[in-house]
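For the first sequence, the working numbering assigns the number 2 to the initial residue and increments by one for each residue that follows.
Notes to accompany the following structure.
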Amino acid sequence: MNFPELDHLVMKLWEERNIRNRTVSEREGCPDYITYDGPPGTNGKPHIGHMMQSALKDLWPRYYTMKGCRVLRKAGWDTHGLPIELTAEKELGLKSKHDILTYGVNKYIDYCRKTVFRYKDAWTQAIKRIGRFLDTDDFYATLTREYIQTDWWVLKQAWDKGLLYQGHKIMPFCARCGTSLSAHETAQGYQDVTDISLYVKFPLKDTENTYFIAWTTTAWTLLSNVALAVNPKLSYVTLAVGSDRLILAEDRLSALKEMIGDYKIIDRKPGGEFAGVHYRPLWDFQDNLDQDAHFVIADEYVTAEDGSGVVHLALYGEDDFRLIQANSLPLVRNVDREGLCGPKTGKFSGRYFADENLDVDILKDLAAGGLLLGKEKITHSYPFCYRCDERLLYYATSSWFLRTSSFKDRMLAANEDINWYPAHIKHGRFGNWLENNVDWAISRSRYWGSPLPIWTCGQCGHQECVGSVRELGELRGEPIADDFDLHKPYIDELTLPCKECGGEMVREPEVLDSWFNAGIMPWGQWGYPAAPGSRELFENQYPSDFICEAIDQTRGWFYTLLAISTMLTDRSSFRNVICTSLISDESGRKMSKSRGNVIDPIMICEKYGADAVRLNFYSVNPWVAKRFSEDELVEGLKQVLIPYWNAYSFFVTYARVDNWKPHDGDALAGHTLDRWILSRLEWLRETVETSMNNYDAASATGAIVTFIDELTNWYIRRSRRRFWKSEDDQDKAVAYDTLYRVLCDLNRLSAPFLPFVTETVFQNLERAYNPEREDSVHLAAWPAGDPELRDEHLEEAMREVRDIVSIARSLRNEGNIRVRQPLPEIIVCGIPEKLSDELESLVLDELNVKRLQYRDDESELFSYRAKADFKRLGPRLGGKLKETAAAIADLNDDAIQQLIQTGEMEIAGVKVSRDDLILERVPREGYWVRSEANLTVAVDNRIDEQLRREWLAREFVHHVQNLRKEADLEVTQRIVIEFNGGEEMRDAVTAHLEYIKVETLANSLEFVTDLPAGKSIKVADQTGKILVNSV
RNA sequence: GGGCCUGUAGCUCAGUUGGUUAGAGCGCACGCCUGAUAAGCGUGAGGUCACAAGUUCGACUCUUGUCAGGCCCA
């Protein structure tokens, strides 16, 4: 069996019959099941983690298609954003924005455009190879005019609602590259560095010799200090140290003792009381500011975990910025975008902020002025530019914001209607993120992206937000040409006349955050509202039932989808969402190009087949961190796919031999085994449906795996003989009908999970017999099932049978008596009712024993030991339980026997009934016995002459069968046997001659005196030679 | 530094509202079967449920803390 090869045949079949598109077109008019494809970027290759998402994204659409829904499968690609620009910069050798301008923005974005689809084919191929039905022909892409227009339309809605505004944002900034960095880029560049941290004395304005002690790890920011912050609730002490008075958080005192030296606490009050107190700036050059500054602010973000509990504020930090804004402090930036100290920094003017000596010089200067309490070295993580390895500085830059905080409550309400898998994301990671929502900075000072459609008048400052290309043309007084590229730099050349003053309006130069593109995808994929038909499509396909992405999207796509959809429709655009974890390699390391541990999905599919890869992704909960290992794929093959295939091929082999064909009025469920497997099939259908409804692929897959095991290792194994019998009796017909039905239904139930192998089986098992059948299993209907077939009583009985068998085998194993040796009897205790004849004969046959006996009175075999049933007695007895339980454990066999008979007795002053005890059976000496739970099995191991002969005969058959196999005979080939051997063996063979002939399909068996060509055999002390010839 | 998650057999993972002896697969050992054969099956040995305290008659399960790992954010 070559699964990868089979995959290709199936893909060819799908291609030829256009199955992917027909899963949609043949469900026209059916209820819609809606899923959104989050647009991946295609300027990088897909890896195995993407394939996990592809596998999951494919599962429910296939399932719901079979359930009779129409599922659109539109693909989408993210074609804007920083990753693309970074690739372009790197390949063009551009290091900064300045370089880009020199190179030419038009040439630069042309290059970006060329790279965006670089790996689109690789993505399409990988998606196809894993068997995902995704319409990669009719895709949406964020760079198209249609899509950009939807961006504009959404922004116009926001604009009209007053939700767009221009503000400042603190961004990590690389002075050398002249670029601000995204959070993602910044995260890549954190390094542990050792800096000098300073404890600085800020002198109070109105109180002599009194200082706030503030702590900083970035001395250069002191040059831009505008305020100090304390925590209003923490206690601050004033210390007398010599003639100085020092103010700091009491909690920090112990840590700073050494630095401070001898002190006396002379005052103690909460930080809140210092609010508004003014201090003198450290340097004169900081003095003359336009606005009030240099006073104390109370804010709870200040902690006493390190430093002094007093924080100095400068415009180079996010919390600083927030407080500076909230308190209308002046925006002082004495270090500029180049990283250089500005003209208002006195002797430091012109120095580079990251120059190590600058810190030292500032330190010396402060010390000279008596403003330094102390210094210490500190190791902390600080962001560096991942490109040029230079220290970043946080810089306040202008940005456009979407006022998401104004509808935070509505987002929280919308979140309540989303089913998260796993559930904890809802109020955990995602809910917390929403609770702490701040306005979304939607603009980027970059080049390759959707242009922000806002024009500002250079004269009067009037602003317009343009909602479509047509509107833009109307405002300009001439239509925009169809082939006009809306990207920078071209769009920037379009100016508008100002309605207010007639001046010239120029576009705001920013582009949109590419997450904004992703968030508008429910509208953008149809080009809503400008594209023809887009309104109908949107209304029909909103909101979606299901999306699936990796966990890192909580602040990415999941958030932006919710923000946009809440803003526009006051609800979430998705109902169910699976968050997958990221996939790591076998040793738990993240896969990355630099480590060289990235696994190519196509290669892995070509090695093991796509079904094995899918199965692997489905079998564990997708949100637990998964280590990808090829060994597990092999395991899935061995445990599931190969047995699956073998079950199918077993059926086909015999159906061919018997020329069996499916027919109307199937004669189902004659034999107990048949009724059992049909009941289990019904269980499987119910379990898979329930699991799929709960977006639980792992449980559904587990059920399929369990069923395949039951089918192959019990139903088929126990039924094999029913298929060999050469007479066409009724039982055989029923066996065929049943197995056929089971295989067909199992195949359909498995189709969404294992689309390739099930397609092959469908073609051969269903369509080959009936050309009227659908062209593909993926166009076929989900099995309707029949609750009548469920027989839980029988399932329970079969579980008992398998338990009995298992225990008895274990006993045989211990006694070292192989199954071929027949044994006279087993004794079973502890099952509620006797087994039916058919089940009993299953047990006898499986174990090769002659008789099964039941024993109610087990006392011959066992003595009893009792334990308290804690679940029953616990709530009733409470604290008295321990004592009672001990007394119960002390009961002897007689007392327990008595309790069983009377049903109730008093133990340690407590009335206890039979049901309050859990009985354990302890085998008595002299029996070959074992119990598990309530079930006990004893095996009689006395072997008499007759049983020994029977054993020898079976060994004889065994050897003949091996010879048949060695000679590669057809299963129906008849033979003649010649045998030469010892007396006991001959007697055994004679005694069981008919049995041997039937089993081995032998026409005759002759004893000969000499057999040089024969195969030597040895059974116990018996030796002989056998020769097999076909006739 | 903050938030969320995870820690169960050598490995990969299950474990339902707290309740009898914590399960499965792989690997390992032993055996079986061979008329489904890149085979298959059975049995067995492996666990102080990361650690500690608390709540409780009773904790893998609930609470708190510690340690380790992951993700996101700073």
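Where is the CB? At the ideal position from N, CA and C, for every residue including glycine.
- Which whole runs of the beta strand (DSSP E) in the segment 805 to 834 are 3 residues long or more, in chain order? If you keep only unbroken beta strand (DSSP E) runs of at least 3 residues inside the segment 805 to 834, you get 824 to 830.
- Within 10 angstroms of its Cβ, does H794 collect 16 or more other Cβ (buried), or is it exposed? Counting from one through the first sequence, the residue named residue 794 turns up at place 793. So H794 counts as exposed.
- Length of the line joining the Cα atoms of V361 and F286: Here residue 361 corresponds to residue number 360 of the first sequence, with the count starting at 1. Here residue 286 corresponds to residue number 285 of the first sequence, with the count starting at 1. Between the C-alpha atoms of V361 and F286 there is a straight-line separation of about 19 Å.
- CA-CA distance, D321 and S444? Looking up residue 321 in the first sequence gives position 320. Looking up residue 444 in the first sequence gives position 443. The straight-line gap from Cα to Cα measures roughly 22 Å.
- Pull up the distance between the alpha-carbon of S630 and that of L60, whole angstroms please. The residue labelled residue 630 in the question sits at position 629 within the first sequence. The residue labelled residue 60 in the question sits at position 59 within the first sequence. When the Cα atoms are used, S630 and L60 turn out to be separated by approximately 22 Å.
- L413 versus G478, E319, L563, residue with shortest Cα-Cα distance: Stepping through the first sequence from its first residue, residue 413 is reached at position 412. Among G478, E319, L563, the Cα nearest to that of L413 belongs to L563.
- Cα-Cα separation, I417 to D697: For this step, residue 417 is matched to residue 416 along the first sequence. For this step, residue 697 is matched to residue 696 along the first sequence. This sequence places Glu at residue 417; Ile is not what is there. Each residue's alpha carbon lies about 20 Å from the other.
- Could you work out which residue in A887, N694, T143 is closest to N420 when comparing CA atoms only? Residue 420 sits at position 419 when you count from the first residue of the first sequence. With distances taken between CA atoms, N420 lies nearest to N694 out of A887, N694, T143.
- Could you check if N660 is buried or exposed, using at least 16 other CB atoms within 10 Å of its CB as the buried criterion? Taking the first residue of the first sequence as position 1, residue 660 is located at position 659. N660 should be labelled exposed.
- Query: With respect to the alpha helix (DSSP H) encompassing K662, which residues constitute its N-terminal and C-terminal limits?
  - Reply: The residue labelled residue 662 in the question sits at position 661 within the first sequence. That residue, K662, is in no alpha helix (DSSP H); it is neither H nor E in DSSP.
- Measure the CB-CB distance between A611 and G50 and report whether it falls below 9 Å. Taking the first residue of the first sequence as position 1, residue 611 is located at position 610. Taking the first residue of the first sequence as position 1, residue 50 is located at position 49. G50 is positioned such that its CB atom lies no closer than 9 Å to that of A611.
- Going by DSSP, what residues sit across from N1030 in a beta bridge? Sequence index remark: in the first sequence, residue 1030 carries index 1029 (1-based). Under DSSP, the beta-bridge partners assigned to N1030 are V977.
- Alpha-carbon to alpha-carbon, L314 and L290: Within the first sequence, numbered from 1, the residue matching residue 290 stands at position 289. Within the first sequence, numbered from 1, the residue matching residue 314 stands at position 313. Those two C-alpha atoms are separated by around 15 Å.
- Is A867 helix, strand or coil by DSSP? Taking the first residue of the first sequence as 1, we reach residue 867 at position 866. If DSSP states are grouped into helix, strand and coil, A867 belongs with the strands.
- Among V242, H488, E841, which has the Cα closest to the Cα of T673? Numbered from 1 along the first sequence, position 672 holds the residue referred to as residue 673. Each of V242, H488, E841 was checked against the Cα of T673, and the nearest Cα belongs to E841.
- Task: Would you check if there are 3 or more beta carbon pairs closer than 8 Å linking the segment 154 to 163 to the segment 373 to 384?
- Result: With the cut-off at 8 Å, the segment 154 to 163 and the segment 373 to 384 do not touch.
- List the DSSP bridge partners of A909. Here residue 909 is taken as the residue at index 908 of the first sequence, counted from 1. By DSSP's assignment, A909 forms no beta bridge with any residue.
- Query: Between the C-alpha atoms of T567 and P173, what's the straight-line distance to the nearest angstrom?
  - Reply: The sequence position of residue 567 within the first sequence is 566, counting from 1. The sequence position of residue 173 within the first sequence is 172, counting from 1. Rounded to the nearest whole angstrom, the CA to CA distance from T567 to P173 is 30 Å.
- Task: Note down the Cα distance separating A954 from Q1023, rounded to an integer number of angstroms.
- Result: The count along the first sequence starts at 1 and reaches residue 954 at position 953. The count along the first sequence starts at 1 and reaches residue 1023 at position 1022. For A954 and Q1023, the distance between alpha carbons rounds to 12 Å.
- Helix, strand or coil for Y200, going by three-state DSSP, please let me know. Looking up residue 200 in the first sequence gives position 199. In the structure shown, Y200 adopts extended strand secondary structure according to DSSP, grouped into three states.
- Message: Need the endpoints of the beta strand (DSSP E) that N19 sits in, please.
- Response: As a working note, residue 19 is residue 18 in the first sequence. N19 -> no beta strand (DSSP E), and no H or E assigned at all.
- Around the Cβ of E967, are there at least 16 other Cβ atoms within 10 angstroms (buried) or fewer (exposed)? Within the first sequence, the letter at position 966 stands for residue 967. The residue in question, E967, is exposed, as its Cβ has fewer than 16 Cβ neighbours within 10 Å.
- For W527 and T561, the rounded distance between their alpha carbons: Counted from its first residue, the first sequence places residue 561 at position 560. Counted from its first residue, the first sequence places residue 527 at position 526. CA-to-CA, the gap between T561 and W527 works out to about 18 Å.
- Message: Whole angstroms are fine: how far does the CA of K998 sit from the CA of E815?
- Response: For the purposes of this step, residue 815 is taken as the residue at position 814 of the first sequence. For the purposes of this step, residue 998 is taken as the residue at position 997 of the first sequence. Straight-line Cα distance between these residues: approximately 33 Å.
- 8 Å Cβ shell around D252 - same chain, five flanking residues per side excluded: Numbered from its first residue, the first sequence carries residue 252 at position 251. So the qualifying residues of the chain are L235, S236, A305, G310.
- Message: Mapping the DSSP letters down to three states, classify A397 as helix, strand or coil.
- Response: The residue given as residue 397 occupies position 396 in the first sequence. In the displayed model, A397 falls within a strand according to three-state DSSP.
- Item | Local conformation of K1 per DSSP, three classes | This structure cannot settle anything about residue 1, because the visible part of the chain is limited to 2 through 1032.
- Task: Determine which residues share a DSSP beta bridge with D245 and list them.
- Result: Here residue 245 is taken as the residue at index 244 of the first sequence, counted from 1. Paired residues: V242.
- Query: Looking at R950 and D988, is the spacing between their C-beta atoms short of 9 Å?
  - Reply: By one-based count along the first sequence, residue 988 stands at place 987. By one-based count along the first sequence, residue 950 stands at place 949. Taking 9 Å as the cut-off, the Cβ atoms of D988 and R950 count as close.
- Terminal residues of the continuous beta strand (DSSP E) containing G77? On the first sequence, position 76 is the one that residue 77 refers to. G77 -> beta strand (DSSP E) spans 75 to 78.
- Query: In chain order, what residues of the same chain lie with their CB nearer than 7 Å to the CB of L843, ignoring the 5 residues before and after it?
  - Reply: As a working mapping, residue 843 is identified with position 842 in the first sequence. Excluding residues within five positions, the ones whose Cβ falls inside 7 Å are R719, V802.
- Report the option in G478, C342, V312 whose CA atom is closest to the CA atom of A299. Locating residue 299 in the first sequence gives position 298, counting from the first residue. If we check each option's Cα against that of A299, V312 comes out closest.
- Message: Less than 9 Å between the beta carbons of P788 and R943, yes or no?
- Response: Sequence index remark: in the first sequence, residue 788 carries index 787 (1-based). Sequence index remark: in the first sequence, residue 943 carries index 942 (1-based). No, they are not a contact pair.
- Message: Please report the distance separating the alpha-carbon of T688 from that of V972.
- Response: In the first sequence, residue 688 corresponds to position 687, counting from 1. In the first sequence, residue 972 corresponds to position 971, counting from 1. In this model, T688 and V972 are separated by some 38 Å (Cα to Cα).
- Task: Tell me where the alpha helix (DSSP H) around L853 begins and ends.
- Result: If you number the first sequence from 1, residue 853 lands on position 852. DSSP places L853 outside any alpha helix (DSSP H); the residue lies instead in the beta strand (DSSP E), whose first and last residues are 850 to 855.
- Item | Cβ-Cβ distance between F724 and Y655 below 9 Å | As a working note, residue 724 is residue 723 in the first sequence. As a working note, residue 655 is residue 654 in the first sequence. The Cβ atoms of F724 and Y655 lie closer than 9 Å to each other.
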